[in-house]
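Just so you know, the protein sequences line up as chains A and B, in that order.
Just so you know, we're using the numbering used here here: the first sequence kicks off at 1 and counts up by one.
Just so you know, we're using the numbering used here here: the second sequence kicks off at 1001 and counts up by one.
Even glycine gets a Cβ: it sits at the ideal position worked out from N, Cα and C.
Written below as structure tokens is the structure these notes are about.
2 protein chains.
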Amino acid sequence: MSPAKKDEPVMNRLLAALPKKDRQRLLPELEPVALIFGDILFEPGDRHQHVYFPDDSIISLLAAVEDRELLEVGMVGREGMAGLAVFLGVNESRSRGLVQGAGSAMRMTAATLRREAAGGGALPKLLLRYTHSLLTQISQSAACNRFHPVNARLARWLLMTHDRIVGDEFRLTQEFLSHMLGVRREGVTLAAGALQKQQLISYSRGHIKILDRAGLEAASCKCYAVIKAEYDNLTE
Amino acid sequence: MSPAKKDEPVMNRLLAALPKKDRQRLLPELEPVALIFGDILFEPGDRHQHVYFPDDSIISLLAAVEDRELLEVGMVGREGMAGLAVFLGVNESRSRGLVQGAGSAMRMTAATLRREAAGGGALPKLLLRYTHSLLTQISQSAACNRFHPVNARLARWLLMTHDRIVGDEFRLTQEFLSHMLGVRREGVTLAAGALQKQQLISYSRGHIKILDRAGLEAASCKCYAVIKAEYDNLTE
DNA sequence: CGGCCTATGTGCGTTAGCCCACGGACGCAC
DNA sequence: GTGCGTCCGTGGGCTAACGCACATAGGCCG
């Protein structure tokens, strides 16, 4: 999954990978929504009302242990679907779904997804494989968060985000990033400063720009490549 | 899921939760196997030959980043199945499956599981829900590993293991534990020493005994309760 | 009983990341 | 412009955990 070019229409990859027949059937059930940066789509314990198929938006899945202990465990962009619990037969969320990249998405009611999952079309098969990709992503990130220094993890995170948006710039405060990486805000300042000094990114007041993707890939640990490969497998 | 009593026959919970009809059909396909401590059932990149339904054995799922960077991301005991990738339509493993607790398990060929998954019986539904439990376990552990001190994580790990075995004693070196928790061996020595000083466990040369379960629960972070609740939901 | 292997205990210097506190800086609103 | 809220940078002290090196200690085997 490489970054999309500007002006190219972006569509969710799961939906795009459906056979025409299935897509036709689902289209009337899908409702386009604009996701706003910072929106919380669901909280642990909530009953899922909808599932979301991001186009150029990004939804972060956060585990909340205590109030201060927030950690992103998964990132969902156009390669996936948020609200997987519904598909897995559990209607309640265990994580927080936070809009981390504003943009558009298609959504479907939980009831529709359940019906579709039971119907045996192409979607459930795809979602199974997507579930595996997400499992891999979460596992690899877990190990990464355990072993790798903040700088490398930040680079990985920026690359994963870059893959899911359109263009090279996005909105992002360090405070926010600290929750994604599970570190202090000051830790992000240092790490981001280092990347900026290397001319890999430019960063200013909640706005970030990727300057040197190849450089970021070098700065990141190989966890990025592992996770990416898993998603590339998914819809090809 | 509470610890099983001695002399009580232990059966894998997923299999036990199947309606009689499904269980009857599957029984001839299931082969009992004795799992040996330290056995590696699969490595990243391996094609899954079998899936495993542990009875009183435990299989650890490890993520390996580098050789020295091993981390348990999931633990599979009688509440689950190892080899979930097969069910998810990906026949290749992404993790290492290591026998962490010797004991018996039932296994089934990957081909049989695929057939069964396509057949629409009760098993696929159960496996979907189990997948959700595992996702929750991995996510919660990820956050736990990020935020909580070694002592609490060790207590959590011991409790999770205790829940999956028969009796109060098991085999376990500190070297081994260090890979489970993703810390140094010396770190385990300290943490285990602390628990032993509190009379919660006794520990000697690769052999550990749970002395005070309630005490361990107090010493653990609440991640233990979160994960346990998820599994208790699964088959009731 | 002596030798050796595995497992555990311990100590010490180093470091990454924590917590706390504050200073500066940009940017929008009025 | 003035003001104020948000965001970013920096410094100092602290702690958990690391890496390395080595000391013990039980267990098996000859």
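Item: CB contact below 9 Å: residue 1112(B) versus chain A; Value: no
Item: Cβ contact check for the segment 1070 to 1089 of chain B and the segment 127 to 145 of chain A: 3 or more pairs under 8 Å; Value: yes
Item: Euclidean distance between Cα positions of residue 5(A) and residue 45(A); Value: Since pLDDT at residue 5(A) reaches only 49, below the 50 mark, its modelled position is unreliable, and no value is offered.
Item: Touch test, the segment 165 to 185 of chain A against the segment 224 to 232 of chain A, Cβ-Cβ under 8 Å, three pairs minimum; Value: no
Item: When 171(A), 154(A), 198(A) are compared against residue 178(A), the one with the closest alpha-carbon; Value: 154(A)
Item: Distance, residue 107(A) Cα to residue 171(A) Cα; Value: 23 Å
Item: CB contact flag (residue 1061(B), residue 1074(B), <9 Å); Value: yes
Item: Cβ contact (3+ pairs, closer than 8 Å) linking the segment 41 to 58 of chain A and the segment 1106 to 1121 of chain B; Value: no
Item: Residue 1042(B) versus residue 1095(B) - alpha carbon distance; Value: 8 Å
Item: Proximity test, Cβ basis, 9 Å: residue 1176(B) and chain A; Value: no
Item: Rounded separation between residue 144(A) and residue 151(A) - CA only; Value: 12 Å
Item: Among 1038(B), 1081(B), 1097(B), the one whose alpha carbon lies nearest that of residue 1030(B); Value: 1081(B)
Item: CA nearest to the CA of residue 1058(B), picked from 1232(B), 1033(B), 1127(B); Value: 1033(B)
Item: Proximity winner among 116(A), 159(A), 141(A), relative to residue 28(A) (alpha-carbon distances); Value: 116(A)
Item: Within-9 Å CB hit, residue 204(A) to chain B; Value: no
Item: With 16 other Cβ atoms within 10 Å as the buried cut-off, status of residue 1047(B); Value: exposed
Item: Closer than 9 Å to chain B by CB, residue 170(A); Value: no
Item: CB contact below 9 Å: residue 120(A) versus chain B; Value: yes
Item: Chain A residues whose Cβ lies nearer than 9 Å to that of residue 1147(B); Value: 65, 66, 68, 69, 71, 182
Item: Span separating the alpha-carbon of residue 14(A) from that of residue 1038(B); Value: 39 Å
Item: Ordered list of beta strand (DSSP E) runs contained in the segment 1093 to 1176 of chain B, each at least 3 residues; Value: 1096 to 1101, 1103 to 1109, 1169 to 1171
Item: 9 Å Cβ cutoff, residue 1085(B) in contact with chain A; Value: yes
Item: Chain B within 9 Å of residue 136(A), Cβ atoms only; Value: yes
Item: Same chain only: Cβ atoms within 7 Å of residue 1114(B), ignoring 5 sequence neighbours per side; Value: 1086
Item: As assigned by DSSP and simplified to three states, the class of residue 20(A); Value: helix
Item: Short CB-CB distance (under 9 Å) between residue 223(A) and chain B; Value: yes
Item: Sub-9 Å separation of residue 1201(B) and residue 1214(B) beta-carbons; Value: no
Item: Chain-ordered chain A contacts of residue 1129(B) [CB-CB under 7 Å]; Value: 88, 89, 90
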